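> The listed protein sequences derive, respectively, from chains H and F.
Residue numbering for the first sequence follows the numbering used here, beginning at 3 and increasing consecutively.
Residue numbering for the second sequence follows the numbering used here, beginning at 64 and increasing consecutively.
Cβ coordinates follow ideal geometry from the N, Cα and C atoms, glycine included.
Since the structure is predicted, the reported quantities are computational estimates derived from the model, not experimental observations.
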Amino acid sequence: MRRGVAAAIAIVAAVGIVLIYRHFDPTFSHFAPKCPFHLLTGYDCPSCGIQRAMYAALNGDLKRAFWLNPFVALVMPYFLLIVLTTFAKGKHIENLRSIVQHRYAVYGYIALFFIWWVVRNTTWWQGVLSQYL
Amino acid sequence: MTPTQKPNDHLVLAILTTLCCCMPLGIVSIIRSTQVNSYWAAEKYDEAMQASADAKKWALIGMGAMVIGILCYLLFFGGLVALGVGLSEMDF
């Protein structure tokens, strides 16, 4: 029952997000939520760019969507694997879970998270980015 | 008494929290989340339950902070828009 409710909330949220970001460009909308870290410091947080990336992806510009936040684009399959191995059952799923949810894999995610946070705010990365965006 | 079922580690919630711009609390949540399995494997059941409860707590606080932040932001800009519309319709 509780899982049913959680699944319903997840589906409604997903549909809502798709509808919103299909039609509103967060770059030009004052109503799009702004990152508090970016507002306060001027630097990008590890997740900055995902709203613009969703707008780009839902309007067919996959290349731009990837480069707006490559970290989230690359981590998304890993996150989906964690969701799968958390909620699905079965012998193969068990094996997969022991790899995907191993604490070293999770620590790797945390390490990447912080490395990406630093790298994306370097002038070197801004230079790399200017070739693609 | 030993519990029979491993407590939920809330890893999905924890990672979602790090990806939703409430990173510091999400990282705390992820670390507590990975400790659930370690403690459970070491038969430290009370610690495992505590880690599970903490993982859930910090993930939900992180998400709550984000939702409240967004609501404050919308309220602020909504207020400004209302003010602007109100002023522009006045005859000076």
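For chain H, find out if any of its Cβ atoms is closer than 8 Å to the Cβ of F:Cys83; answer yes or no.
It does: the Cβ of F:Cys83 has a partner Cβ on chain H nearer than 8 Å.
> Any beta-carbon of chain F closer than 8 Å to the one on H:Phe30?
So, not an interface residue.
> Strictly below 8 Å CB to CB, what residues from chain F border H:Arg105?
Under the 8 Å cutoff, chain F gives Thr97, Asn100, Ser101.
> What did DSSP end up calling H:Lys93 once you bin it into helix, strand or coil?
Looking at H:Lys93 - three-state DSSP - the assignment turns out to be helix.
> Can you tell me whether F:Arg95 is buried or exposed, with buried defined as 16 or more other CB within 10 angstroms of its CB?
By the 10 Å Cβ count, F:Arg95 comes out buried.
> Within the chosen definition, does the region 41–54 of chain H reach the region 81–90 of chain H through at least 3 CB pairs nearer than 8 Å?
Short answer: they don't touch.
> Check whether the Cβ atoms of F:Leu137 and H:Phe68 sit closer than 8 Å, and answer yes or no.
No, they are not a contact pair.
> How many angstroms separate the CA atom of F:Leu76 from the CA atom of F:Lys119?
Going from the Cα of F:Leu76 to the Cα of F:Lys119 covers about 7 Å.
> Are F:Ala116 and F:Trp103 touching if we call contact CB-CB under 8 Å?
No, Cβ-Cβ distance for F:Ala116 and F:Trp103 is not below 8 Å.
> Keeping to the same chain, check which residues put their C-beta closer than 7 Å to that of F:Cys85; ignore five residues upstream and five downstream.
Closer than 7 Å at Cβ, skipping near neighbours: Gly125, Met126, Ala128, Met129.
> Kindly list, in the order they appear in chain H, the residues whose Cβ is closer than 9 Å to that of F:Met86.
Simply Phe39, Cys47, Pro48, Ser49, Phe115, Trp119.
> Considering only their Cβ atoms, is the gap separating F:Ile133 from H:Pro35 smaller than 8 Å?
Yes.
> Can you pull the chain F neighbours of H:Lys36, defined as C-beta to C-beta under 8 Å?
Tyr136, listed in chain order.
> Would you check if there are 3 or more beta carbon pairs closer than 8 Å linking the region 90–108 of chain H to the region 56–74 of chain H?
In short, these stretches do not touch, since the Cβ pair count stays below three.
> With distances taken between CB atoms, is the gap from F:Gly149 to F:Ala122 smaller than 8 Å?
Not a contact, by the Cβ cut-off of 8 Å.
> Taking H:Thr88 as the query, report the chain F residues whose CB atoms sit under 8 Å from its CB, ordered along the chain.
What H:Thr88 touches in chain F: Leu74, Val75.
> What's the C-alpha gap between H:Ala15 and H:Val102?
Spanning the two alpha carbons is a distance of roughly 25 Å.
> State the DSSP-derived secondary structure class of H:Lys36, mapped to helix, strand or coil.
H:Lys36: coil per DSSP, three-state reduction.
> Using a Cβ-Cβ cut-off of less than 7 Å, list which residues of the region 75–86 of chain H approach chain F; keep chain order.
Of all residues in the region 75–86 of chain H, Phe81, Ile84, Val85 have a Cβ within less than 7 Å of some Cβ in chain F.
> Could you tell me the alpha carbon to alpha carbon distance between F:Asp72 and F:Cys83, rounded to whole angstroms?
Each residue's Cα considered, the two are about 19 Å apart.
> Quick one: give me the first and last residue of the alpha helix (DSSP H) that F:Ser101 is part of.
Segment 86–104, the alpha helix (DSSP H) holding F:Ser101.
> Please identify the residue among H:Leu42, H:Thr29, H:Thr43, H:Leu41 whose C-alpha is closest to the C-alpha of H:Ile52.
Comparing Cα-Cα distances from H:Ile52 to each of H:Leu42, H:Thr29, H:Thr43, H:Leu41, the minimum goes to H:Thr29.
> Distance check for H:Ser31 and H:Tyr23, CA to CA, integer angstroms please.
Each residue's Cα considered, the two are about 11 Å apart.
> Please state the DSSP three-state secondary structure of F:Thr81.
Helix at F:Thr81.
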